[in-house]
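Down below is the structure, laid out as structure tokens.
Numbering (our numbering), first residue to last: 30 to 210.
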């Protein structure tokens, strides 16, 4: 919203620029990955702290691993000890379901902390080029953040590095621009 370039080019305003880097990092949720699975009657029931209980790649992946229809995968969402995006990809659900089908009994799977960190899909690293302007009274009047990063696959990166256009400082100041490449 607004016109950050106009504000930045106004010599009466003080412009501050900085460049930040962020490394690839593990999601490091508080509770290790886990799932209870029970394969029976050509369907699977899963009890898991997933962030996508009724949709997404997790359900499709479980169905694919087991060779059953997606409608035969039932998820009972449990409380999660933090997810931070790691529970969007449900690989422990696939593992528990496959073991349950193989042994013909319910399975409770819990990864060790070492396994959890080793097999995480790490958050992409990146660079933030941040620029702001304050007026003569010291009030923030423009904010720009350009995130340069990569994705986990060949798809387009999500807008603004998961920054919603509704997040602060949007709505608090007139001139905000969030970009990502």
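Glycine residues also receive a C-beta, built at the ideal position from the N, C-alpha and C atoms. Values in this document were obtained by computation on a predicted structure and should not be read as measured data.
Residue i, DSSP secondary structure in three states
i           : result
residue 74  : strand
residue 188 : With a pLDDT of 45 at residue 188, under the threshold of 50, the predicted position of this residue should be treated as unreliable, and no value is reported.
residue 201 : coil
residue 46  : strand
residue 55  : coil
residue 147 : helix
residue 100 : helix
residue 109 : coil
residue 92  : helix
residue 161 : strand
residue 155 : strand
Sub-8 Å separation of residue i and residue j beta-carbons
i           : j           : result
residue 126 : residue 75  : yes
residue 136 : residue 66  : yes
residue 206 : residue 173 : yes
residue 118 : residue 102 : no
residue 68  : residue 129 : yes
residue 37  : residue 153 : no
residue 145 : residue 61  : yes
residue 78  : residue 104 : no
residue 116 : residue 58  : yes
residue 204 : residue 40  : no
residue 56  : residue 114 : yes
residue 123 : residue 94  : yes
residue 202 : residue 171 : yes
Contact test: residue i Cβ vs the ligand PLP heavy atom, cutoff 7 Å
i          : result
residue 97 : The model depicted lacks the ligand PLP and carries no ligand whatsoever.
Unbroken beta strand (DSSP E) run spanning residue i, endpoints
i           : result
residue 141 : Premise fails: residue 141 is in no beta strand (DSSP E) and is neither H nor E.
residue 66  : 63-69
residue 173 : 169-178
Range covered by the alpha helix (DSSP H) that runs through residue i
i           : result
residue 37  : 33-38
residue 132 : 120-132
Cβ-Cβ separation, residue j to residue i (assumed contact under 8 Å), whole Å
i           : j           : result
residue 176 : residue 155 : 6 Å
residue 80  : residue 112 : 5 Å
Does the pairing of the segment 149-164 with the segment 44-53 give three or more beta-carbon distances under 8 Å? yes
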